[in-house]
Amino acid sequence: MTKRPAKPKLSGRTGRTGRTGQTKRAAGQARLAVCSWSLQPVSPEDLAAKLQATGIKRVQLALDPLRELPDVWFETGGFLAKAGIELVSGMFGCVGEDYSTLDSIRATGGIAPDATWAQNLTNIQRTVALAERLDLQLVTFHAGFMPHEASDPRYVKMLERLGQVADRFALSGISLGLETGQETAALLREMLEELNRPNLGVNFDPANMILYDKGDPIEAARILGPWLRQVHIKDARRTKNFGTWGEEVPVGEGDVDWRAFVAALKSLRFTGDLVIEREAGEKRVEDILRAKELVGKLWQK
Numbered sequence: 001m002t003k004r005p006a007k008p009k010l011s012g013r014t015g016r017t018g019r020t021g022q023t024k025r026a027a028g029q030a031r032l033a034v035c036s037w038s039l040q041p042v043s044p045e046d047l048a049a050k051l052q053a054t055g056i057k058r059v060q061l062a063l064d065p066l067r068e069l070p071d072v073w074f075e076t077g078g079f080l081a082k083a084g085i086e087l088v089s090g091m092f093g094c095v096g097e098d099y100s101t102l103d104s105i106r107a108t109g110g111i112a113p114d115a116t117w118a119q120n121l122t123n124i125q126r127t128v129a130l131a132e133r134l135d136l137q138l139v140t141f142h143a144g145f146m147p148h149e150a151s152d153p154r155y156v157k158m159l160e161r162l163g164q165v166a167d168r169f170a171l172s173g174i175s176l177g178l179e180t181g182q183e184t185a186a187l188l189r190e191m192l193e194e195l196n197r198p199n200l201g202v203n204f205d206p207a208n209m210i211l212y213d214k215g216d217p218i219e220a221a222r223i224l225g226p227w228l229r230q231v232h233i234k235d236a237r238r239t240k241n242f243g244t245w246g247e248e249v250p251v252g253e254g255d256v257d258w259r260a261f262v263a264a265l266k267s268l269r270f271t272g273d274l275v276i277e278r279e280a281g282e283k284r285v286e287d288i289l290r291a292k293e294l295v296g297k298l299w300q301k
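Sequential numbering of the sequence shown, starting at 1, is according to my numbering.
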């Protein structure tokens with residue numbers, strides 16, 4: 001068996017080691033990419049065509065289809081490379097997740113539920129192998145509900161599981177990004193400090209702070225600054241009814257103050273990828289183009 005080339009050394013909490021072959025950003029230029037699942041592709045060819053329509057040839061790739069439908073997706077990496085499309089990171093989901101309400105996702109999300117932990121761990125091990133084959137340097141996911149009190153037995157269990165997952169990715173030289181969601185920035189930072197894994201960081205989604213009603217995105221980004229590995233460009237409106245979902249909307253139409261958010265990222269000297277995500281609506285390519293224009297202009301100022 002051919003020995004796999006060594007990966008670049010991990011860069012610690014900042015997560016700024018570039019992916020092999022990754023294009024360098026010109027001064028003032030945003031490193032934009034698109035979440036593959038936002039485009040709802042049915043094949044690698046379909047994904048490439050839709051990415052071409054956005055004018056962005058960089059993508060965060062959903063890895064679950066490659067694991068679940070290998071007959072369709074197995075050659076994705078090679079096909080996208082031939083199409084001149086760069087893979088900037090991967091993403092995976094967990095089995096049994098129910099996003100219908102905040103209560104349902106709190107009970108079923110991520111690696112927290114005991115009932116799905118064994119299956120999720122098996123899937124994660126297969127996902128690591130996929131990410132390694134694709135030469136990914138970063139993979140992200142929603143970890144699930146994180147208990148607020150260290151005295152809660154579930155808190156210790158969650159730390160143990162997160163450590164186990166992070167260590168498995170680290171063995172393959174891959175960083176793991178926890179997507180912001182069900183917890184406050186302060187709680188997530190506390191857990192990251194306690195876990196103290198050099199390859200563990202944050203995939204920061206400002207809209208999720210609003211959708212889950214967990215605080216101000218700009219302040220949250222500052223709190224989590226040392227751990228930011230990647231940022232999702234997504235917008236939302238905060239709920240008017242406590243305990244219910246906020247509403248995802250096109251970038252620029254929600255409660256994220258994009259001028260202030262981009263300024264905060266610049267003040268943190270963030271040099272990672274800005275990945276446009278759109279999970280609702282019938283005009284996703286159009287919405288992605290609008291996000292591209294808005295954030296691109298702000299980043300150049």
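Don't be surprised by glycine CBs; every beta carbon is placed ideally from N, CA and C.
Reference residue i, options the options, closest by Cα
i           : options            : result
residue 264 : 235, 242, 206, 288 : 206
residue 42  : 32, 64, 55, 54     : 64
residue 162 : 108, 237, 178      : 178
residue 75  : 44, 101, 56, 100   : 44
residue 218 : 294, 258, 243      : 258
residue 306 : 254, 242, 228, 241 : It is not possible to answer for residue 306, since the shown part of the chain is limited to 1 through 301.
residue 149 : 71, 169, 187       : 187
Residue range of the unbroken alpha helix (DSSP H) whose run includes residue i
i           : result
residue 158 : 153-171
residue 140 : Counting along the chain, residue 140 falls outside any alpha helix (DSSP H), though it belongs to the beta strand (DSSP E) covering 138-141.
residue 208 : 206-211
residue 118 : 114-133
residue 104 : 102-108
residue 80  : 76-82
residue 56  : That residue, residue 56, is in no alpha helix (DSSP H); it is neither H nor E in DSSP.
residue 72  : 70-73
residue 96  : From DSSP, residue 96 is part of no alpha helix (DSSP H); its letter is neither H nor E.
residue 218 : 217-223
residue 274 : Premise fails: residue 274 lies in the beta strand (DSSP E), 273-276, not in any alpha helix (DSSP H).
residue 284 : 284-300
residue 187 : 185-195
Beta carbon of residue i nearer than 8 Å to that of residue j
i           : j           : result
residue 213 : residue 250 : no
residue 176 : residue 199 : yes
residue 220 : residue 185 : yes
residue 303 : residue 30  : Shown here, the chain extends from 1 to 301; a query on residue 303 therefore has no answer.
residue 276 : residue 35  : yes
residue 39  : residue 50  : yes
residue 88  : residue 273 : yes
residue 116 : residue 93  : no
residue 128 : residue 85  : no
residue 111 : residue 143 : yes
residue 165 : residue 124 : yes
residue 278 : residue 252 : no
residue 189 : residue 223 : yes
residue 77  : residue 121 : no
Supposed contact pair residue j and residue i - C-beta distance, whole angstroms, cut 8 Å
i           : j           : result
residue 256 : residue 235 : 5 Å
residue 83  : residue 131 : Not quite, the Cβ-Cβ distance comes to about 20 Å (not below 8 Å), so this is no contact.
residue 145 : residue 182 : 5 Å
residue 60  : residue 91  : 6 Å
Opening and closing residue of the beta strand (DSSP E) in which residue i lies
i           : result
residue 256 : Segment: none, residue 256 is in no beta strand (DSSP E) and carries neither H nor E.
residue 176 : 175-179
residue 31  : First-last for residue 31: undefined, no H or E at that position.
residue 237 : 235-237
residue 248 : 247-249
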